[in-house]
Amino acid sequence: MVNDQAFKTWFEPIVPMAFRVNTLTIQVPSQFFYEWLEDNYVHVLKAAIEGVIGAGAKLEYSIIVDKGNSQNQPYTVNLPNSKNGYSQNSNDHHVTQSKFLEIFQNESNLNPNLTFENFIEGDCNRLGRSAGMAVAQKPGITSFNPLVIFGGVGLGKTHLVQAIGNKIKSQFTNKSIFYIDSLKFVQMFTDYISNNELKDFNDFFMQIDVLIIDDIQFFANKGKSQEMFFQIFNHMHQSSKQIIMTSDRSPKDLEGLQDRLLSRFKWGLSADVQQPDLETKIAIIKSKMHREGITIPENVVEYIAYSVDTSVRDLEGVLISLIAQSYLTQKEIDLELTKETLKSLVHDIDSDVSIDFIQKCIAEYFNVTVEELKDKTRKKEIVTARHIAMYFAKEYTSLALKTIGYHFGKRDHTTVLHALEAVNDLMETDKKYLNAIKEIQKRLKMKAI
Ligand code: ADP
Ligand code: MG
Numbered sequence: 004m005v006n007d008q009a010f011k012t013w014f015e016p017i018v019p020m021a022f023r024v025n026t027l028t029i030q031v032p033s034q035f036f037y038e039w040l041e042d043n044y045v046h047v048l049k050a051a052i053e054g055v056i057g058a059g060a061k062l063e064y065s066i067i068v069d070k071g072n073s074q075n076q077p078y079t080v081n082l083p084n085s086k087n088g089y090s091q092n093s094n095d096h097h098v099t100q101s102k103f104l105e106i107f108q109n110e111s112n113l114n115p116n117l118t119f120e121n122f123i124e125g126d127c128n129r130l131g132r133s134a135g136m137a138v139a140q141k142p143g144i145t146s147f148n149p150l151v152i153f154g155g156v157g158l159g160k161t162h163l164v165q166a167i168g169n170k171i172k173s174q175f176t177n178k179s180i181f182y183i184d185s186l187k188f189v190q191m192f193t194d195y196i197s198n199n200e201l202k203d204f205n206d207f208f209m210q211i212d213v214l215i216i217d218d219i220q221f222f223a224n225k226g227k228s229q230e231m232f233f234q235i236f237n238h239m240h241q242s243s244k245q246i247i248m249t250s251d252r253s254p255k256d257l258e259g260l261q262d263r264l265l266s267r268f269k270w271g272l273s274a275d276v277q278q279p280d281l282e283t284k285i286a287i288i289k290s291k292m293h294r295e296g297i298t299i300p301e302n303v304v305e306y307i308a309y310s311v312d313t314s315v316r317d318l319e320g321v322l323i324s325l326i327a328q329s330y331l332t333q334k335e336i337d338l339e340l341t342k343e344t345l346k347s348l349v350h351d352i353d354s355d356v357s358i359d360f361i362q363k364c365i366a367e368y369f370n371v372t373v374e375e376l377k378d379k380t381r382k383k384e385i386v387t388a389r390h391i392a393m394y395f396a397k398e399y400t401s402l403a404l405k406t407i408g409y410h411f412g413k414r415d416h417t418t419v420l421h422a423l424e425a426v427n428d429l430m431e432t433d434k435k436y437l438n439a440i441k442e443i444q445k446r447l448k449m450k451a452i
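The numbers in the working numbering rise by one with no breaks, and the one at position 364 of the sequence shown is 367.
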């Protein structure tokens, strides 16, 4: 189901363009729009289209690259819907095995848009990115074999491993590269077994030089698939072929995977990707907007970076909504539009206000710097501001005391606890103090979301 807000943002701007032999072409306002629809709503769209046209219906996007003007038509490019070939959707089971092989044999299954060029480097991903670069230069021969990139949802794992694949593809034209996520691997494997075509399956994997398996946590408790993967892994590793994997957690914390498989993963390198830090967020916002041909004011960039504190994917979601809002209302992207848009989106992202944002607001209110909130100063007004910032961090975010302390110059959780007690005491006994807190609360709410 799609809620009103999402419908307004994502579906209203869609313009049906053409319908030819089972293929519906829809026009979308930008590349971003296309990617967002593909990532989030492809099943909704497919189901709707199949409902009307019937099985075998195909979707094609026409993307506006240049909006044009009254004299010139917009310039567009057409892209097929990426899930036309093979989809996890159970309705698509009529796709035959041989078709499957055909698709995969000719294709590495890589998304050409996910490259190193548009993968922003930051403290949060430096190790993984460098290791990935090294692997891309010399697939199979570095000690990073296997290379495991792990970390939370939307932090760039898939982008990074796809970038490695794309780089290898461009540099080593004779190497065969194959990207698949573990769920599809399991599905493919099951399909082959039920068709008694295990040999084909095996042959297919034996000819691969670089295997990229995404989200291996989904191998959990799939014993037969793990067994198969174990054999493929051994074969590839022995022949110095490169294996690249991603996981939502460190390999040592993976549950439901056989020990012998896990112990193999230790042969190479595991690198994590973390939540983006402020600088990286700013760089990502600028780069994405640049790619869309949009310039936004510095204060808006900062505002977004401070407000979105979850993942790069959420950050992108905000940018896409902003672009969409600006397009729909024909307004420039300024602070006002940004606040409006964030207000309506924030529940989708995370109801938390970010701790960075709180620190910045409180620092402004007390006319101190964020650094002073974090450093060791015991000056009275700074201590007051620091305590109040900790208080709001506790009130408005779901962060643990330990994490809050960390964000305040690596203080420990007892310091935070002490600050909370101090603030609560003062609110009870000092009317003026209580009023100040209320005032700050109002401002935070106004400024934030
Ligand atoms: P994951 O696989 O970890 O869930 P993805 O690789 O799908 O995350 O990333 C989510 C989105 O964020 C993608 O659109 C990706 O292009 C983008 N992204 C993530 N990290 C970066 C980065 N460092 N630079 C640019 N875009 C990024
Ligand atoms: Mg992913």
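C-beta atoms are modelled at their ideal positions from N, C-alpha and C, and glycine is treated no differently.
Since the model is a prediction, treat every value here as computed from it, not as a measurement.
Segment limits, beta strand (DSSP E) that includes residue i
i: Q245; result: 245–250
i: D217; result: 213–217
i: S146; result: Unbroken run through S146: none, as it is neither H nor E.
Extent of the continuous alpha helix (DSSP H) to which residue i belongs
i: V321; result: 315–332
i: D206; result: 201–209
i: Y182; result: Unbroken run through Y182 is the beta strand (DSSP E), 180–184; no alpha helix (DSSP H).
i: K397; result: 383–399
i: V371; result: Per DSSP, V371 belongs to no alpha helix (DSSP H) and is neither H nor E.
i: N427; result: 416–432
i: F35; result: 34–43
i: F268; result: 262–268
i: N177; result: Taken as a continuous stretch (DSSP letters only), N177 belongs to no alpha helix (DSSP H), as it is neither H nor E.
i: T380; result: Looking at the DSSP string, T380 is not in any alpha helix (DSSP H), and its letter there is neither H nor E.
i: K413; result: Premise fails: K413 is in no alpha helix (DSSP H) and is neither H nor E.
Coil, strand or helix - residue i by DSSP
i: N87; result: Because the pLDDT at N87 is just 44, under 50, the model does not fix this residue reliably, and the point stays unresolved.
i: T26; result: strand
i: K61; result: strand
i: A21; result: strand
i: F10; result: helix
i: V276; result: coil
i: F153; result: strand
i: I297; result: coil
i: N224; result: coil
i: V311; result: coil
i: I123; result: coil
i: I336; result: coil
Through-space distance from residue j to residue i, alpha-carbon basis
i: N370; j: Q278; result: 29 Å
i: E305; j: I211; result: 44 Å
i: K49; j: Y37; result: 14 Å
i: D194; j: K187; result: 10 Å
i: R132; j: E384; result: 42 Å
i: V213; j: A51; result: 37 Å
i: I171; j: E282; result: 29 Å
i: H240; j: T341; result: 49 Å
i: G54; j: L318; result: 33 Å
i: F207; j: L331; result: 48 Å
i: K141; j: R389; result: 50 Å
i: I235; j: S329; result: 49 Å
i: I336; j: D428; result: 43 Å
i: M20; j: I285; result: 36 Å
i: A139; j: N177; result: 14 Å
i: N189; j: K202; result: Sequence check: residue 189 is Val here, not Asn. Rounded to the nearest angstrom, the two C-alpha atoms are 16 Å apart.
i: S65; j: E41; result: 13 Å
i: K457; j: L420; result: The question about residue 457 has no answer, for the chain in this structure spans 4 to 452.
i: N6; j: W13; result: 10 Å
i: E105; j: M136; result: Below a pLDDT of 50, predicted positions are generally treated as unreliable, and E105, at 49, falls in that range; the measurement from the model is reported next regardless. Cα to Cα, E105 sits roughly 30 Å from M136.
i: E343; j: M449; result: 11 Å
i: V164; j: V276; result: 12 Å
i: V303; j: L27; result: 37 Å
i: L322; j: I288; result: 8 Å
i: G408; j: I219; result: 34 Å
i: K445; j: E301; result: 25 Å
Whether residue i touches residue j by CB criterion (8 Å)
i: T161; j: D126; result: no
i: L158; j: S401; result: no
i: L423; j: G271; result: no
i: A223; j: L264; result: no
i: V373; j: K363; result: yes
i: H410; j: I358; result: yes
i: F360; j: S324; result: no
i: Y44; j: N112; result: no
i: P16; j: A327; result: yes
i: F35; j: E295; result: yes
Min CB distance residue i to chain C below 8 Å
i: E258; result: Looking at the structure shown, chain C is missing, and only one protein chain is on hand.
As a quick check of your reading: which residues have a C-beta less than 7 Å from at least one non-hydrogen atom of the ligand MG, in chain order?
K160, T161, D217, D218, T249
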